[in-house]
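J.:
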Amino acid sequence: MSDLPRKAVTRTAKLAALPLGFAGRATWGLGKRIVGESAELVGRELQQRTAEQLFKVLGELKGGAMKFGQALSVFESALPEEIAGPYRAALTKLQEAAPPMPTRTVHAVLEERLGENWQELFLEFEDKPSAAASIGQVHRGVWSDGREVAVKVQYPGAGEALLSDLNQLSRFARLLGPLIPGVDIKPLIAELRDRVSEELDYGLEAQAQHAHAEEFAGDPDVVVPDVVHQCDQVLITEWLDGVPLSEVIADGTQEQRDRAGQLLARFLFSGPARTGLLHADPHPGNFRLVPGGPEGEDDWRLGVLDFGTVDRLPGGLPATIGRSLRMTLDGEAEAVYELLCAEGFVKESIELDPDAVLDYLLPIIEPAQVEEFTFNRGWMRSQATRIGDPRSPAYQLGKQINLPPAYLLIHRVTLSTIGVLCQLGSTVRLREELEEWLPGFVPEEGLEEGLEEKPAAEA
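My numbering puts the sequence shown at residues -13 to 445.
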């Protein structure tokens, strides 16, 4: 049996203890302040203890709990810097590691799915996992034809654990809300829950990964390892070496950060145009910098992993996104408002001031206004505060804007990618990628000239 805690009672008890722990620490903090310690020091220690408990539990449980933690991890740059450190350390652990399942369990799954003589399919197989994720772990091996491979083995009971965790987390989403300002936790959990069946289906994942590997074969900027073999609960793909994005975030050079950010933006917008699929799990553990870009071995390509969650967009990203973005940049408040109403972003029962909507949108799309933009935590925090502070007009207006179901996953992927760019501190020519890949962004009459380059955002 796996060491993944699968019994509903056990998992529910662990998750249910989280809000009790939050409440207990709040009482402890009040006591500290009564005896004279400063609110700032108490708040910082409270946040640190909360982060440590939350992500320790999520990492131990794997399943939907860890999936939720990974989804939150890309938003750490929205936290105030004085409390971001503890979160950053705890979240990074989630991106690349989790307690492994026993070797005997791995062998049992491989025997059941690949046959009694499964070892004969490999020249080598490493029992120690090289990576662990929310529903499975990865082992390194050498396939019978000599190719180095990644063997992804699904945890027994992963589906039950995913649904149980996400249902439980949704019950106290309100308590988790303050952890990441500006991020609405409840729809995030609901969207993760809606994707459970797809993520568990390694057949669908294999199809999506092979489609990307085929399309990006020989690409100078992006590399996707192809599928070698797939069956229920087991997915074997080509092995991909490289520098994990989490390491680039921690101590990469500025050159690496800028290259990674540019390629991540390029992949986000070009993927749907080229494959009809949007990679929908953009946390740093799913990307690598791979040596050997267009300029030779000293250059880099972006290696992309884990296609378990994708959005199927046969026509590419909706042209509505490009058109509304372009009109917002051009200051066409009435036209933007009419388009948002027509697409269901503003419900018929609600009437908003078009100029107020434009003022709400412009700061968010600041990176597209200029030839290049430096993403950083300072900019991300300013946006999170503006949108997440109940006292701000932007918060009140944001609550009245509706997000149609067809745009939910696109919205989350875009926000998550921006979060990773801010963690990287990348200077990115985002407008260049929008002009190349986003339908509707370039008007028929062509782009206007004379854009001014804007200095990097203040950190």
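Yeah, the Cβ is synthetic: ideal placement off N, Cα and C, and Gly gets one too.
Tell whether a beta-carbon distance below 8 Å holds between His198 and Val210.
T.: Yes; because the gap between Cβ atoms is below 8 Å, this pair is in contact.
J.: At a cut-off of 7 Å, would you count Asp316 as near the ligand FMN, judging by its Cβ distance to the nearest heavy atom?
T.: No copy of the ligand FMN appears in this structure; indeed no ligand is present at all.
J.: Could you name the residues of the same chain whose beta carbon sits closer than 6 Å to that of Tyr323, not counting the 5 residues immediately before and after it, in chain order?
T.: Excluding positions up to five away in sequence, the list reads Pro340, Val343.
J.: Looking only at its chain, what residues have a beta carbon closer than 6 Å to the beta carbon of Lys138, apart from the 5 residues adjacent to it on each side?
T.: Here the set comprises Gly122, Val124, Leu221.
J.: Terminal residues of the continuous beta strand (DSSP E) containing Gln491?
T.: Residue 491 falls outside the range modelled here, since the chain spans only -13 to 445, and no answer is possible.
J.: Counting Cβ pairs closer than 8 Å, one from the segment 140 to 157 and one from the segment 313 to 321, do we hit at least three?
T.: The segment 140 to 157 is not in contact with the segment 313 to 321.
J.: Just the Cα atoms here: how many angstroms apart are Glu184 and Thr295?
T.: When rounded, the distance between both Cα atoms is 7 Å.
J.: Using the beta-carbon count (16 or more within 10 Å), is Gln382 buried or exposed?
T.: When all chains shown are included, Gln382 counts as exposed.
J.: Could you check where the alpha helix (DSSP H) with Ser123 kicks off and where it finishes?
T.: This sequence places Gln at residue 123; Ser is not what is there. From DSSP, Gln123 is part of no alpha helix (DSSP H) but of the beta strand (DSSP E) over 122 to 129.
J.: Give me the Cβ distance between Thr413 and Pro268, rounded to the nearest whole Å; I'm assuming they're in contact under 8 Å.
T.: That pair is no contact at about 19 Å.
J.: Secondary structure at Trp104, three-state DSSP: helix, strand or coil?
T.: Residue state, collapsed to three classes: helix.
J.: Is Thr413 helix, strand or coil when you go by DSSP?
T.: Strand at Thr413.
J.: Which runs of the alpha helix (DSSP H) fall wholly inside the segment 239 to 279 and span at least 4 residues, in chain order?
T.: Here the runs fully enclosed are 240 to 261.
J.: Whole-angstrom Cβ separation of Leu447 and Ala354, contact assumed at under 8 Å?
T.: With the chain covering -13 to 445 only, the question about residue 447 has no answer from this structure.
J.: Given a threshold of 16 other Cβ atoms within 10 Å of its Cβ, counted over all protein chains shown, does Gln240 qualify as buried or as exposed?
T.: Exposed, since its Cβ has fewer than 16 Cβ neighbours within 10 Å.
J.: Looking only at C-alpha atoms, which of Phe273, Gln242, Ala236 sits nearest to Leu253?
T.: The residue you asked about is not Leu; residue 253 is Phe in the sequence shown. That would be Phe273, whose Cα lies nearest to the Cα of Phe253.
J.: Run through the DSSP bridge pairs and tell me what Pro230 is partnered with.
T.: Bridge partners of Pro230: Arg274.
J.: Grouping DSSP H, G and I as helix and E and B as strand, with all else coil, what is Arg30?
T.: The predicted position of Arg30 is uncertain, since its pLDDT is 46 and thus under 50; a value taken from the coordinates is nonetheless stated next. Arg30: helix per DSSP, three-state reduction.
J.: If we ignore side chains and look at the alpha-carbon of each, how far apart do Leu190 and Asp292 end up?
T.: Approximately 11 Å between the Cα atoms of the pair.
J.: Per DSSP, which residues does Ala222 bridge with? Please list them.
T.: Here residue 222 is Ile; the residue named in the question, Ala, does not match the sequence. DSSP, once it has assigned bridges, lists Val137, His215 as partnering Ile222.
J.: Any chance the segment 281 to 288 sits against the segment 417 to 429, with 3 or more Cβ pairs inside 8 Å?
T.: Too few Cβ pairs lie closer than 8 Å, so no.
J.: How many Å lie between Gly364 and Ala370 at the Cα?
T.: Whole-angstrom Cα-Cα distance: 10 Å.
J.: Should Ile336 be labelled buried (16 or more other beta-carbon atoms within 10 Å of its own) or exposed?
T.: Its Cβ having fewer than 16 others within 10 Å, Ile336 is exposed.
J.: Taking 6 Å as the limit between beta carbons, can you name the residues of its chain near Gly247, skipping five residues before and five after?
T.: Excluding positions up to five away in sequence, the list reads Leu407, Leu410, Ser412, Val414.
J.: What does DSSP give as the partner residue(s) for Phe202 in the beta ladder?
T.: None, per the DSSP bridge assignment.
J.: What three-state label does DSSP hand Ala9 in the structure shown?
T.: For Ala9, the pLDDT reaches just 39, beneath the cut-off of 50, and the residue's location in the model is therefore unreliable, although a value from the coordinates is still provided. Helix at Ala9.
J.: Based on the DSSP secondary-structure assignment, which residues constitute the bridge partners of Arg377?
T.: Answer is none; Arg377 lacks a bridge partner.
J.: Between Pro86, Gly426, Glu177, which lies nearest to Pro391 when the distance is taken from Cα to Cα?
T.: The option with the nearest alpha carbon to Pro391 is Glu177.
J.: When DSSP labels each residue in this structure, what does Glu418 get in the three-state scheme?
T.: Reduced to three states, the DSSP call for Glu418 is helix.
J.: If you count every other CB in all the chains shown that lies within 10 Å of the CB of Gly238, and 16 or more means buried, which is it?
T.: Flag for Gly238 reads buried.
J.: Give the DSSP bridge partners of Arg330, in chain order.
T.: Rather than Arg, the amino acid found at residue 330 in this sequence is Gly. None, per the DSSP bridge assignment.
J.: Name the one or two DSSP bridge partners that Arg287 has.
T.: The partner list for Arg287 (beta bridge, DSSP) reads Val276.
J.: Since Leu226 and Gly271 should fall inside the 8 Å C-beta cutoff, what is the C-beta to C-beta distance between them, to a whole number of angstroms?
T.: Contact flag wrong, Cβ pair sits at about 13 Å.
J.: Nearest to His397 by CA position, among Val128, Ile307, Val214, His215, is which residue?
T.: When only C-alpha atoms are compared, the closest one is Ile307.
J.: Please list, in chain order, all residues of the same chain as Val428 whose beta carbon is under 6 Å from its beta carbon, the five residues on each side excluded.
T.: So the qualifying residues of the chain are Glu421.
J.: Hey, how far is the Cα of Leu231 from the Cα of Phe361?
T.: Rounded to the nearest angstrom, the two C-alpha atoms are 16 Å apart.
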